[in-house]
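Asks:
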Amino acid sequence: MKRSHLVISGLVMVTTLILSTGCNKEPEAPNKSGKTTTQKNGQSPPVVDQEMAFKGEELYNQNCVFCHQADAIGKPGIAPSLTNKEFLAIAPVNFLVETIREGRAGTGMPPFSHLGNEKIEQIVAFLRSHATLPSRIKEVDAQPEAHGDPRLGKQWFDQVCSTCHGPEGNGYAAGGTGTAIGKAGFLNKVSDGFIRTTIKEGRSNTRMLPFAGPNALADLSNREIDDIISYLRTVPSK
Ligand code: HEC
Ligand code: HEC
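Here the sequence shown is numbered in the numbering used here, starting from 92 and rising by one per residue.
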């Protein structure tokens, strides 16, 4: 009697375990037809721990919503979108964690180190739960460094980028809608691949347009884009 009882309760436990972990491990993403599909590696948005994302949402609403707005869609001249799909597809987890922890000196983005790593990671999970595109973090990170001509890059930057990003990439302080891409707080945390991909493809539903291709505002060549990156790498200022 005792033994079979043990076996049965053991079975129940195992089944509950399988069922509960099964639920957590089957992330679902809406597809075009509105149905949900199980995500496949490499072709779907990153798998995010739902419980962490849930806690992160509350922390986001307490700490970030004033500037980054509801659903983190951002507001021109106030704070960038954190749920933009092109951004989330290429922004490494470390970049997000460190930017939140340290803020961006000399900009409106304050440091949140007082929250501690666990809470910051929950916020990051919340942000990443909005991703709708497959992750390209590895591919973008592995791109070669830019070896352009900073003098030419400065000319391009002054002509094409400075109206929004400010002279020397000072950001909102200069009155535009673009972030402070000439400051160390940004440059020290991103790869050249991240900058390059953002310039080429832009960020949909923001004022950051694509700057490569026939339909772009300015059809910059790969070399010209690398000139700009090399220029940016020479200006980092506090
Ligand atoms: C019409 C305005 C505009 C122009 C012109 C523009 N940008 Fe941007 N850029 C933006 C905005 C706005 C963002 C942030 C998107 C947001 O607010 O969510 C951005 C974001 C970026 C980022 C990512 C920065 C970050 O904080 O993650 C890079 C890199 C960048 N732009 C580079 C450039 C370069 C280089 C040029 C010139 C070739 C350029 N941009 C021209 C408006 C502009
Ligand atoms: C007082 C306003 C303000 C608050 C509050 C704020 N931010 Fe920001 N945040 C900004 C600004 C402004 C920038 C752009 C700085 C620049 O020009 O580079 C920014 C940039 C960022 C970036 C970089 C985005 C990019 O495109 O590269 C991340 C990530 C970020 N914030 C996350 C957060 C999170 C998470 C919180 C809450 C814990 C938060 N921020 C709270 C103003 C704010």
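Every residue gets a Cβ at the ideal spot worked out from N, C-alpha and C, and that includes glycine.
In this text, all values refer to a predicted model and were calculated from it rather than measured experimentally.
#1: Within 10 angstroms of its Cβ, does F248 collect 16 or more other Cβ (buried), or is it exposed?
#2: Regarding G304 and ligand 1, is the C-beta to nearest heavy atom distance less than 7 Å?
#3: CB-CB under 7 Å to E148, same chain, minus the five flanking residues each way: which ones, in chain order?
#4: Under 8 Å between the Cβ atoms of A163 and L173?
#5: If you drop the 5 nearest sequence neighbours on each side, which residues of the same chain put their C-beta closer than 8 Å to that of F302?
#6: Return the chain-ordered list of same chain residues with a C-beta closer than 6 Å to the C-beta of L187, the five sequence neighbours on each side being excluded.
#7: If you draw a straight line from the C-alpha of Y151 to the C-alpha of L323, how long is it?
#8: Since V326 and G273 are thought to touch, with beta carbons under 8 Å apart, how far apart are those beta carbons, to the nearest angstrom?
#9: At the level of alpha carbons, what is the spacing between A233 and I320?
#10: Please give the ranges of any alpha helix (DSSP H) in the region 207-260, keeping only runs that are unbroken, at least 4 residues long and fully inside the region.
#11: Once you ignore the five residues that flank N279 on each side, which residues in its own chain have a CB closer than 8 Å to its CB?
Replies: The relevant details are as follows:
#1: As a first step, residue 248 must be located in the sequence shown, where it is residue number 157. So F248 ends up on the buried side.
#2: Mapped onto the sequence shown, residue 304 falls at position 213. Result no, Cβ not under 7 Å from ligand 1.
#3: Residue 148 sits at position 57 when you count from the first residue of the sequence shown. Result list for E148: F217, in chain order.
#4: For this step, residue 163 is matched to residue 72 along the sequence shown. For this step, residue 173 is matched to residue 82 along the sequence shown. In this structure, L173 lies closer than 8 Å to A163 by Cβ.
#5: Walking along the sequence shown from the start, residue 302 turns up at place 211. Hits under 8 Å: V251, I290, K291, G293, L308, A309, D310, L311, I316.
#6: One-based indexing of the sequence shown puts residue 187 at position 96. If we look at L187 and ignore the five residues flanking it on each side, its Cβ neighbours are V215.
#7: The count along the sequence shown starts at 1 and reaches residue 151 at position 60. The count along the sequence shown starts at 1 and reaches residue 323 at position 232. Approximately 31 Å between the Cα atoms of the pair.
#8: Position 235 of the sequence shown, counted from the start, is the residue given in the question as residue 326. Position 182 of the sequence shown, counted from the start, is the residue given in the question as residue 273. Contact holds; Cβ gap of about 5 Å.
#9: Start at 1 with the first residue of the sequence shown, and residue 233 comes out as number 142. Start at 1 with the first residue of the sequence shown, and residue 320 comes out as number 229. Whole-angstrom Cα-Cα distance: 16 Å.
#10: 208-219, 228-232, 241-247, 253-256
#11: The residue given as residue 279 occupies position 188 in the sequence shown. Excluding residues within five positions, the ones whose Cβ falls inside 8 Å are P327.
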